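Student: Residue numbers (the numbering used here): 482 to 640. Yeah, the Cβ is synthetic: ideal placement off N, Cα and C, and Gly gets one too. Keep in mind that this is a model prediction, so the values were computed, not measured. Before I ask anything, let me first share the structure, which is written out below as structure tokens.
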């Protein structure tokens with residue numbers, strides 16, 4: 482049963498230990514993220530972030546477009562900070578299903594890296610498309626970030 486809001490409807494769902502929310506936004510100019518790790522849909526634009534854990538590594542599966550929206554209550558950086566506040570120090574961002582990233586999204590990745598690095602942690606990326614890799618190359622982030630082609634290789638690199 483969805484929770485109705487002035488802007489749309491929130492559909493809670495659980496898949497095993499993974500909890501997420503999907504917000505269907507009826508307003509073309511407002512995007513609200515569920516206050517927990519979740520799914521956001523807005524017209525044709527959408528972003529989905531699902532957190533899963535493997536040993537002591539937090540893996541964020543990203544899907545859709547990482548970009549600036551009109552209003553955001555919860556960003557990728559904030560989700561990473563929640564994990565850091567909970568004592569996690571190994572973060573892997575899976576870009577396998579990311580279609581687009583803008584300068585705001587690049588800033589979110591960089592802010593997440595800085596927060597993780599400042600606490601002695603490691604943030605790594607996996608499954609970057611050639612198009613996104615070019616963006617990271619132009620912004621010189623390939624010199625800072627560890628980027629891997631396969632998830633298993635990325636996971637092993639933490640140890």
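Could you please give the first and the last residue of the uninterrupted alpha helix (DSSP H) stretch that includes residue 569?
Tutor: Numbered from 1 along the chain shown, position 88 holds the residue referred to as residue 569. Where residue 569 is concerned, there is no enclosing alpha helix (DSSP H), given that its DSSP letter is neither H nor E.
Student: Between residue 571 and chain B, is there a C-beta pair that is closer than 9 Å?
Tutor: You won't find chain B in this structure, because it holds only one protein chain.
Student: On the DSSP letters alone, give me the boundaries of the alpha helix (DSSP H) that residue 614 sits inside.
Tutor: By 1-based counting over the chain shown, the position of residue 614 is 133. Counting along the chain, the alpha helix (DSSP H) containing residue 614 begins and ends at 611-619.
Student: Whose C-alpha, out of 531, 548 and 586, is nearest the C-alpha of residue 564?
Tutor: Reading the chain shown from its first residue, position 83 is the one you call residue 564. When only C-alpha atoms are compared, the closest one is 531.
Student: Let me know if residue 578 comes out buried or exposed under the rule of 16 or more other beta-carbons within 10 Å of its beta-carbon.
Tutor: As a first step, residue 578 must be located in the chain shown, where it is residue number 97. By the 10 Å Cβ count, residue 578 comes out exposed.
Student: In this structure, does DSSP put residue 637 in helix, strand or coil?
Tutor: Along the chain shown, one-based indexing puts residue 637 at 156. Looking at residue 637 - three-state DSSP - the assignment turns out to be helix.
Student: Between 619, 568 and 574, which has its C-alpha nearest residue 593's C-alpha?
Tutor: By 1-based counting over the chain shown, the position of residue 593 is 112. The candidate whose alpha carbon is nearest that of residue 593 is 574.
Student: Quick check on residue 548: does DSSP put it in helix, strand or coil?
Tutor: Position 67 of the chain shown, counted from the start, is the residue given in the question as residue 548. Coil.
Student: Please name the residue in 557, 561 and 549 whose C-alpha comes closest to that of residue 602.
Tutor: The residue given as residue 602 occupies position 121 in the chain shown. Looking at 557, 561 and 549, the one whose alpha-carbon comes closest to that of residue 602 is 561.
Student: CA-CA distance, residue 585 and residue 612?
Tutor: Locating residue 585 in the chain shown gives position 104, where the first residue counts as 1. Locating residue 612 in the chain shown gives position 131, where the first residue counts as 1. Their Cα atoms are separated by approximately 16 Å.
Student: At 3 residues or longer, what runs of the beta strand (DSSP E) sit wholly inside the region 571-601?
Tutor: 571-582
Student: Mind checking whether residue 538 and residue 590 have CB atoms under 9 Å apart?
Tutor: Mapped onto the chain shown, residue 538 falls at position 57. Mapped onto the chain shown, residue 590 falls at position 109. Cβ atoms of residue 538 and residue 590: not closer than 9 Å.
Student: Sorted by chain position, which residues of the same chain lie with C-beta nearer than 7 Å to residue 639's C-beta, five sequence neighbours on each side aside?
Tutor: As a working note, residue 639 is residue 158 in the chain shown. These residues qualify, in order along the chain: 538, 571 and 603.
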